[in-house]
Structure formats: structure tokens, C-alpha cells
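Sequence order for the protein chains is A and B.
Okay, so the first sequence: first residue is 1 according to our numbering, each after it adds one.
Okay, so the second sequence: first residue is 1001 according to our numbering, each after it adds one.
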Amino acid sequence: KQEVTQIPAALSVPEGENLVLNCSFTDSAIYNLQWFRQDPGKGLTSLLLIQSSQREQTSGRLNASLDKSSGRSTLYIAASQPGDSATYLCAVTSNDYKLSFGAGTTVTVRA
Amino acid sequence: SQTIHQWPATLVQPVGSPLSLECTVEGTSNPNLYWYRQAAGRGLQLLFYSVGIGQISSEVPQNLSASRPQDRQFILSSKKLLLSDSGFYLCAWSVRTGNTIYFGEGSWLTVV
Chain A
1 KQEVTQIPAA LSVPEGENLV LNCSFTDSAI YNLQWFRQDP GKGLTSLLLI
51 QSSQREQTSG RLNASLDKSS GRSTLYIAAS QPGDSATYLC AVTSNDYKLS
101 FGAGTTVTVR A
Chain B
1001 SQTIHQWPAT LVQPVGSPLS LECTVEGTSN PNLYWYRQAA GRGLQLLFYS
1051 VGIGQISSEV PQNLSASRPQ DRQFILSSKK LLLSDSGFYL CAWSVRTGNT
1101 IYFGEGSWLT VV
């Protein structure tokens, strides 16, 4: 069974600092990995999707890397802003197409 | 463009009462549809998914059920709610299994 872990559970940084969010998974036989953002009391917004054959994906200030063999992905957010404050979740699609979510990292960017 | 609508946004129901949460998707045909539950501080738990009308797969045995009466409509139901059914319920869709998954705004259910 795929287990997805996100450490740390919470993170607080001053505005302008780069954010590094970690995601690890136990079964490296994955189809893809997705990063989501969730604002309090809201649904999830898809940020990036990395296929298993890719090493990274970029969108604006966001960059996600994938090291499938070691079971890790990292989401980098450059030059953080207060508007980046949210919970970030990673989700792994296994080769049986089942999606497993981590519990998320709650980010607070201090102005 | 595709949109997903989920309602009601919040619901307070007594123990033993029925439940119906509805979800519709616009702008696409034959989507995969999903119901997830999110407990506080925990990851999302897949409850049901559907790859077509009338095709429902259940991931977790419980007193909830799902139905897909139309191509882009997904309904989560219960005949008798339990206190443990309280939580944040999210509907989602994807073009195909394994593709990017898109979520609705969620429904807060409090069973009292």
C-alpha cells in the first residue's frame, strides 16, 4: 500500500524567503505525482503534475522535482509572498491508478 | 472551460438523518468522478469513484453510498448518518484515470 508523507507538517517563513516542501512515498512504481494547494475551508487547486518519466515541472515561481527511485518530490516556491500561505498537499498516482495523498504542509508567510 | 459544482457548502444534520451531497461537472464528457473525505490534519481518503454512468467503485466500507444517475452528476448519500461521518467532503473529476484531478469547493458536514 502506498504511503505518502509530508514533512514538516507546518512551516512559517518571512516574506521573500524561498519555500522548500518535501514529499516522500514508499512505493516507487508510480504513474505521476501532483502538488495541490488548499486554502482554509476550501477545495484543492492543482498546481503541478509530474509524470513518472519527468524529473521536474515549473510554473511561474513554482518548481517541483521528482526522484522516483528514492521516492521523493520537492516543491520549491521562490520569493514567497503572504498570498502563498496555504496548505500544500502532494498526491501520488500508483500504477494501478489509485491516488494517495499526504496530510499536507501548512505554510504561513509572514509579511 | 470545465467547471465543477458541489453543494451544499455546509450542512448540519442530526444523527440518524439522511444525507445527499451533489456534484456536477460542466464542459467535459464522460469524466471520471470521485468523492473524497478529509479529516482534520489528515490526508484525503477516497470514498467512491466512477468511470461511467452507473459504474461505482467503493474504496471504504461504510454507511455511505454513491450514485451516478447522469454522465456529469455524482451524488453521495447516506440513509442514517453517524457522528463519525462528520468531515469535509470533496468531489473531484479527471479526464482519465491518472490525469490531473480537479476538485470542487467541498462540503462541510457536521453530524450532531
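We put the CB at the ideal spot given by N, CA and C, even for glycine.
Q | Residue environment, Q34/A, which counts as buried when at least 16 other CB atoms sit within 10 Å | A | Your numbering for residue 34/A matches position 34 in the first sequence. Buried.
Q) Looking at the structure shown, is W1084/B part of a helix, part of a strand, or coil, going by DSSP? A) Counting from 1 along the second sequence, the entry for residue 1084/B is found at position 84. The displayed chain sequence assigns Ser, not Trp, to residue 1084/B. S1084/B falls in the helix class under three-state DSSP.
**Q.** Reduced DSSP category for P1031/B - H, G, I as helix; E, B as strand; rest coil
**A.** By one-based count along the second sequence, residue 1031/B stands at place 31. Coil, per DSSP.
Q | Members of the segment 39-50 of chain A near chain B, C-beta cut-off 9 Å | A | Cβ contacts with chain B: G41, K42, G43, L44, T45, S46, L49.
Q. Hey, would you say C1023/B sits closer than 8 Å to F1088/B, going by beta carbons?
A. For the purposes of this step, residue 1023/B is taken as the residue at position 23 of the second sequence. For the purposes of this step, residue 1088/B is taken as the residue at position 88 of the second sequence. Against a cut-off of 8 Å, the Cβ pair of F1088/B and C1023/B comes out as no contact.
Q: Could you tell me which of P1031/B, A1040/B, A1039/B sits nearest to I1053/B, measuring between CA atoms?
A: Walking along the second sequence from the start, residue 1053/B turns up at place 53. Ranking P1031/B, A1040/B, A1039/B by Cα distance to I1053/B puts P1031/B first.
Q: Please go through the segment 12-85 of chain A and give each complete beta strand (DSSP E) segment of 3 or more residues, from N-terminal end onward.
A: The segment 12-85 of chain A contains these whole beta strand (DSSP E) runs: 19-25, 30-38, 44-51, 56-59, 62-67, 72-77.
Q) Hey, is L99/A's beta-carbon within less than 8 Å of any beta-carbon in chain B? A) Working through the first sequence from its first residue, we reach residue 99/A at position 99. Yes, its Cβ sits closer than 8 Å to a Cβ of chain B.
Q. For L44/A, which residues from the same chain have a beta carbon less than 8 Å from its beta carbon, with the 5 sequence-adjacent residues on both sides left out?
A. For the purposes of this step, residue 44/A is taken as the residue at position 44 of the first sequence. Excluding positions up to five away in sequence, the list reads F36, R37, Q38, L89.
Q: Grab me the residues of G1104/B's own chain with a C-beta within less than 8 Å of its C-beta, minus the 5 sequence neighbours each way, in chain order.
A: Taking the first residue of the second sequence as position 1, residue 1104/B is located at position 104. Closer than 8 Å at the Cβ level, and outside the excluded window around G1104/B, lie I1004, H1005, Q1006, C1023, L1090, C1091, A1092.
Q | S1067/B to Y1102/B span [Cα, whole Å] | A | For the purposes of this step, residue 1067/B is identified with residue 67 of the second sequence, where counting begins at 1. For the purposes of this step, residue 1102/B is identified with residue 102 of the second sequence, where counting begins at 1. When rounded, the distance between both Cα atoms is 19 Å.
Q: Evaluate D96/A with the Cβ neighbour count: other Cβ atoms within 10 Å of its Cβ, from every protein chain shown; 16 or more gives buried, anything less gives exposed.
A: Here the question's residue 96/A lines up with position 96 in the first sequence. With fewer than 16 other Cβ atoms within 10 Å, it is exposed.
Q) Is the CB-CB distance between L11/A and Y76/A below 8 Å? A) Start at 1 with the first residue of the first sequence, and residue 11/A comes out as number 11. Start at 1 with the first residue of the first sequence, and residue 76/A comes out as number 76. No; because the gap between Cβ atoms is not below 8 Å, this pair is not in contact.
(Q) Under 8 Å, Cβ to Cβ, is there at least one residue of chain B near G71/A? (A) As a first step, residue 71/A must be located in the first sequence, where it is residue number 71. So no, G71/A is outside the interface.
Q. For V1060/B, which three-state DSSP category applies?
A. Locating residue 1060/B in the second sequence gives position 60, where the first residue counts as 1. It is coil, neither helix nor strand.
Q: Would you tell me roughly how many angstroms separate the C-alpha atoms of C23/A and L1082/B, rounded to the nearest one?
A: By 1-based counting over the first sequence, the position of residue 23/A is 23. By 1-based counting over the second sequence, the position of residue 1082/B is 82. Those two C-alpha atoms are separated by around 33 Å.
Q: Round the Cβ separation of I30/A and T93/A to the nearest angstrom and send it over; I've been treating them as touching at under 8 Å.
A: Mapped onto the first sequence, residue 30/A falls at position 30. Mapped onto the first sequence, residue 93/A falls at position 93. About 6 Å; that satisfies the 8 Å criterion.
Q. From Y1034/B to P82/A, what does the alpha carbon distance come to, in whole angstroms?
A. Position 34 of the second sequence, counting from 1, holds the residue named residue 1034/B. Position 82 of the first sequence, counting from 1, holds the residue named residue 82/A. Whole-angstrom Cα-Cα distance: 32 Å.
Q: Go ahead and label N1063/B buried or exposed: buried means 16 or more other beta carbons lie within 10 angstroms of its beta carbon, across all protein chains shown.
A: Along the second sequence, read from residue 1 onward, the residue named residue 1063/B stands at position 63. By the neighbour-count rule (16 or more Cβ atoms within 10 Å), N1063/B is not buried but exposed.
Q) Is V109/A close to chain B, meaning its C-beta is less than 8 Å from at least one C-beta of that chain? A) The sequence position of residue 109/A within the first sequence is 109, counting from 1. Taking Cβ atoms only, chain B never reaches closer than 8 Å to V109/A, which makes this a no.
**Q.** Cut-off 6 Å between Cβ atoms - residues of its own chain near Q57/A, not counting five sequence neighbours on either side
**A.** As a position in the first sequence, residue 57/A is number 57, starting the count at 1. Around Q57/A: L48, I50, A64.
Q) Candidates T26/A, P14/A, R110/A, A111/A: which alpha carbon is nearest D67/A's? A) The residue given as residue 67/A occupies position 67 in the first sequence. Closest option to D67/A, Cα to Cα, is T26/A.
Q: From the DSSP output, in three-state form, read off Y97/A for me.
A: Numbered from its first residue, the first sequence carries residue 97/A at position 97. Coil, per DSSP.
Q) Would you call the CB atoms of L1047/B and L99/A closer than 8 Å? A) By 1-based counting over the second sequence, the position of residue 1047/B is 47. By 1-based counting over the first sequence, the position of residue 99/A is 99. Not a contact, by the Cβ cut-off of 8 Å.
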